[in-house]
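Chains as they are written, first to last, in my numbering: chain A, 928 to 1418; chain B, 928 to 1418.
By construction, the Cβ of each residue, glycine as well, lies at the ideal position given by its N, Cα and C atoms.
Protein chains: 2
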Amino acid sequence: MTNNHAYDQLMSFQRQTEALSLVAERLGWDQETMMPSGSADQRGEEMAAMEGILHARRTDPRILDWIEASDPPDVAGRAQLRLIMRSYQRATKVPSDLAQKLAQVTSVAQGVWAQARANDSVADFLPTLAEVIALRREEAACLAQGGDLYDALLDDYEPGATAESIGAMFGRMRPRLVALREAVLAKMPPAALVGRFGEAAQLRLSRDLALAFGYDFSRGRIDLAVHPFSSGSASDSRITTRVVESDPFNCIYSTIHEVGHSSYELNIDPDYKLTPLGRGVSMGVHESQSRIYENQIGRGRGFTKFLYGEMKSRFDFDLASAEAFYAAVNRVQPGFIRTEADEVHYNLHIMMRFDLERALVRGDLTVVDLEAAWNERFFKDFGVKVDRPSHGVLQDVHWSVGLFGYFPTYTLGNVYAGCLWQAMNAAVPGLEGQLSRGDTASAIDWLRENLQRHGGLNSPRETIALACGFEPSEGPLLEYLEAKFGALYGL
Amino acid sequence: MTNNHAYDQLMSFQRQTEALSLVAERLGWDQETMMPSGSADQRGEEMAAMEGILHARRTDPRILDWIEASDPPDVAGRAQLRLIMRSYQRATKVPSDLAQKLAQVTSVAQGVWAQARANDSVADFLPTLAEVIALRREEAACLAQGGDLYDALLDDYEPGATAESIGAMFGRMRPRLVALREAVLAKMPPAALVGRFGEAAQLRLSRDLALAFGYDFSRGRIDLAVHPFSSGSASDSRITTRVVESDPFNCIYSTIHEVGHSSYELNIDPDYKLTPLGRGVSMGVHESQSRIYENQIGRGRGFTKFLYGEMKSRFDFDLASAEAFYAAVNRVQPGFIRTEADEVHYNLHIMMRFDLERALVRGDLTVVDLEAAWNERFFKDFGVKVDRPSHGVLQDVHWSVGLFGYFPTYTLGNVYAGCLWQAMNAAVPGLEGQLSRGDTASAIDWLRENLQRHGGLNSPRETIALACGFEPSEGPLLEYLEAKFGALYGL
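Structure, rendered in structure tokens:
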């Protein structure tokens, strides 16, 4: 509490809004992990009702009065006001009916997508997708007020970013990624990990790895989901994973990835709990955490040495050295599925989705032509023909839940992770040795201290720049990839 | 939709309120089944925020205007208005701050109780219990407006019931129950079921029994909880159970009991979904469903014959005939735990709680003296000394979550179940034969058709009277108990 009555009232009102928003988020978690199959329509109504409540609170006219009369006590207080104002201005541009309709339709659409994917039937999904796109375009038009529709959506996930600046960065990255890809694919691939890895043992390993990465089970849990995600914040941030018995890396790296997301939320300064500062600042910065946990740390030479020992003690397989295991973890090959892609291919998946979804939002591409456009582009970029929709246009949940403008934040996250990894290695001596013993404490402490604890205090780019001590750019990521895969493949 | 604009507006507003209330209920489910242990305080804030929203909606002044201008289309419409008015009048008597405070305190108190029970420490629970009682008394004073505090609380769970009428009924029941108890205990008890019954196999049986009782898993699920409960309605009503490896009856009859509750909710006329009519009409009627599933059907000679076969095919144990198994299921013995009590003792547990909680609400008994009062009364009624608080005053969750006035509805439910059982047997020829083959369809159909589908259309007593064709009273239950246990014990 401060001596400033208006500020205190605002923050108390906002605290309840944040709590309600976490309730809505947990409904989403429940839908993906626990909800009975026949409850989808009712859940849509529940989500719409929650969105109605949240929208009314975010547009409450008292917010402006309170902000006007507020004398925030410190820098954090001023940042709170900035974020509340941003949310108010965004929410007031979108009619409540539209916001509720979007919540209801995307909740139901998720089930329609899952069923269509299971049936490998694009046609089953198209009417729903068309409705989601129409609603998001309508929302974007409200938000953009004459400006670019896609930028208006992107701004939800990455404040301050524009499609133009991201497109330009992708343009600089693409030639070096394509060159790296071609050089690697010209070489003989290392041996892959082959075997059957039982579900129960994978889930035990998943739990142990989450602990190794400092995940706090007193404020979280792991469940199974078709499409792994993390959810929640403050004292309750949960992760999900999945198990493929022939490919334990799927479970292992899904888990580590989601632990990165959840740990970011759980490591934010407790003073910011249930305030706007108490959440990760943007999806790009969020992804930088999940990706650095997963890739730079989790798929690095150091940590895979530890992981090799863990795997050897739990499973039977052929790879006879930590070095061979490290090579298998980082095996490069064109594959259909983004979430299973190696680090060389991953960003090419994103660039393709970025171009397609911009065309969808602009109206240059209709859902009827989407599958053909996807397959054509995939063949061009990856040299492989998509063999079924679940390996192609139906693979990702994002568009079904209306997440247009979200995909580029994955590559932005990789770029930020590249910067953070460079800075962390300069700051933490002997890091690889520690990681090879499964000791992530110095790495995680560095991330928490320099980045995670600040939550939404600074802008996304400032957040990275302050942690690294330099302005973020794609350079460090590309150098990291070229060095790592150059060494692995003898380029 | 009707031609009546005010009525349609009211029902549309109410539909969202019902959806939000189901969201709050699901938060409660999550708290008992999924929530990480460190999230209790945050959950308290979330529950309070939801209660704030619900209270504001239940007291929205437009409700009165809409009711005034409404011309409901039919009998159901008039019943909807009656229930909305009832909720409005109740909610407007309680200040929002108090309603939110109660939601927050009882959410956290539940965890405090669970911990105190695990530690067998009454002292750990008393300050919290005192706070819960003080808040509920304050609420009762708002509701009673000079009338009896306990009646005001009871009315939440059993509209139209009074402590006086229930007390009088208990007074009529007690001598016959005590006489039956004494006669039975003077006889040699039948052999008990002895063995180890693995958790996984118990859970599989639990699932199969839920199916045998018609539980719809596409709109529900089973999880484990310390204190079994059912939760939700319409397209999502979930149950919980528990497993004691030495006593499979615990899991079996917890499951069947909760299936009774959830099936009631799931079998209500779909036209009433997300309306006030779409919920079970009272806790007493609810309990009549769970108890008739559990006892009259589940512990009956017919169904236990089927269950014996199921048990024999899954587990190793000594009882050599369905008749011996039926006797073991219905073994009468004084025990500490209400939820494990046989049908002869069960209502004596309730009568004791009814007297104690009335004294707490009146202020005649303070929390400091509660444990002693419990133990003294228990010895008097059951002839056994309570050996530890978790076997005594700490055994039930109810008081921690503020459920004062709830306990008597359990015995009311037993009384109603006695009436329904008499009527069902008159209406369904060959019932015992069907149940002995595990075929519950006629029994469940009779309950759905005559009672469950009506939801909140009629008052609780009318609901029972219409289903039975006669006014409910304690007579049929007592006759059923005397006949059943008379035969079992050769009285």
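Where residue i meets chain A, residues with beta-carbon distance less than 7 Å
i, result
"Asp1198 (chain B)", "Neighbours of Asp1198 (chain B) on chain A: none; closest Cβ ~14 Å, over 7 Å."
"Gly1147 (chain B)", "Pro963"
"Gln969 (chain B)", "Ala1161, Ser1162, Asp1163"
"Val950 (chain B)", "Val950, Leu954, Glu973, Met977"
"Ser966 (chain B)", "Arg1146, Ser1162, Asp1163"
Three-state secondary structure (DSSP) of residue i
i, result
"Ile1264 (chain A)", "coil"
"Ser1160 (chain A)", "strand"
"Ile1166 (chain A)", "strand"
"Thr1202 (chain B)", "coil"
"Ile1195 (chain B)", "coil"
"Glu1398 (chain B)", "coil"
"Ser1189 (chain A)", "helix"
"Lys1232 (chain B)", "helix"
"Asp1282 (chain B)", "helix"
"Pro999 (chain A)", "coil"
"Thr1182 (chain B)", "helix"
"Leu1330 (chain A)", "coil"
Cβ-Cβ distance between residue i and residue j below 8 Å
i, j, result
"Gln1037 (chain A)", "Tyr1191 (chain A)", "no"
"Ala1006 (chain A)", "Leu1393 (chain A)", "no"
"Ser1160 (chain A)", "Arg1206 (chain A)", "yes"
"Leu1070 (chain B)", "Arg1108 (chain B)", "no"
"Arg1148 (chain A)", "Arg1169 (chain A)", "no"
"Val1271 (chain A)", "Tyr1220 (chain A)", "no"
"Pro1261 (chain A)", "Phe1306 (chain A)", "no"
"Leu947 (chain B)", "Leu981 (chain B)", "yes"
"Ser1209 (chain A)", "His1188 (chain A)", "no"
"Gly1225 (chain B)", "Ser1363 (chain B)", "no"
"Ser1167 (chain A)", "Glu959 (chain A)", "Per the sequence shown, the amino acid found at residue 1167 (chain A) is Thr instead of Ser. Their beta carbons are under 8 Å apart, which means Thr1167 (chain A) touches Glu959 (chain A) by this criterion."
"Phe1244 (chain B)", "Glu1284 (chain B)", "no"
"Ala1057 (chain B)", "Val1313 (chain B)", "no"
Span of the alpha helix (DSSP H), counted from its first residue to its last, around residue i
i, result
"Ile1219 (chain B)", "Neither: Ile1219 (chain B) is in no alpha helix (DSSP H) and is coded neither H nor E."
"Gln1027 (chain B)", "1023-1046"
"Ser939 (chain A)", "932-960"
"Val1311 (chain A)", "Per DSSP, Val1311 (chain A) belongs to no alpha helix (DSSP H) and is neither H nor E."
"Val1342 (chain A)", "1335-1354"
"Gly1094 (chain A)", "1090-1112"
"Tyr1015 (chain B)", "1002-1020"
"Ser1133 (chain B)", "1126-1139"
"Tyr1084 (chain B)", "1076-1084"
Within chain A, partners of residue i - CB distance below 8 Å
i, result
"Gly979 (chain B)", "Gln943"
"Phe1144 (chain B)", "Pro963"
"Ser1034 (chain B)", "The premise fails here: Ser1034 (chain B) is roughly 12 Å from chain A at the closest Cβ pair, so nothing lies under 8 Å."
Residue i versus residue j: straight-line alpha-carbon distance, rounded
i, j, result
"Thr1089 (chain A)", "Phe1281 (chain A)", "12 Å"
"Leu1405 (chain B)", "Ala1110 (chain B)", "14 Å"
"Asp1174 (chain B)", "Val1121 (chain B)", "8 Å"
"Pro1116 (chain B)", "Leu1136 (chain B)", "27 Å"
"Leu1234 (chain A)", "Phe1252 (chain A)", "9 Å"
"Thr1202 (chain B)", "Lys1020 (chain A)", "32 Å"
"Ala1370 (chain B)", "Tyr1333 (chain B)", "27 Å"
"Ser1145 (chain B)", "Ser966 (chain A)", "8 Å"
"Ala1003 (chain A)", "Val1049 (chain B)", "43 Å"
"Arg1013 (chain A)", "Thr1390 (chain A)", "18 Å"
"Asp1419 (chain A)", "Tyr1077 (chain A)", "Examination of residue 1419 (chain A) is not possible in this model, given that chain A is present from 928 through 1418 alone."
"Gly1340 (chain A)", "Asp1163 (chain B)", "38 Å"
"Glu1298 (chain B)", "Glu995 (chain A)", "55 Å"
"Gln941 (chain A)", "Leu991 (chain A)", "13 Å"
"Gly1073 (chain B)", "Gly1402 (chain B)", "34 Å"
"Tyr1337 (chain A)", "Arg1265 (chain A)", "11 Å"
Start-to-end residues for the beta strand (DSSP E) that takes in residue i
i, result
"Ile1149 (chain B)", "1149-1151"
Chain-ordered chain B contacts of residue i [CB-CB under 7 Å]
i, result
"Glu972 (chain A)", "Ala946, Leu1201"
"Ala976 (chain A)", "Gln943, Ala946, Leu947"
Within chain B, the residues that residue i reaches when beta carbons sit closer than 9 Å
i, result
"Leu991 (chain A)", "The contacting residues do not exist; Leu991 (chain A) stays about 21 Å from chain B at best."
Where residue i meets chain B, residues with beta-carbon distance less than 8 Å
i, result
"Asp957 (chain A)", "Arg953, Asp957"
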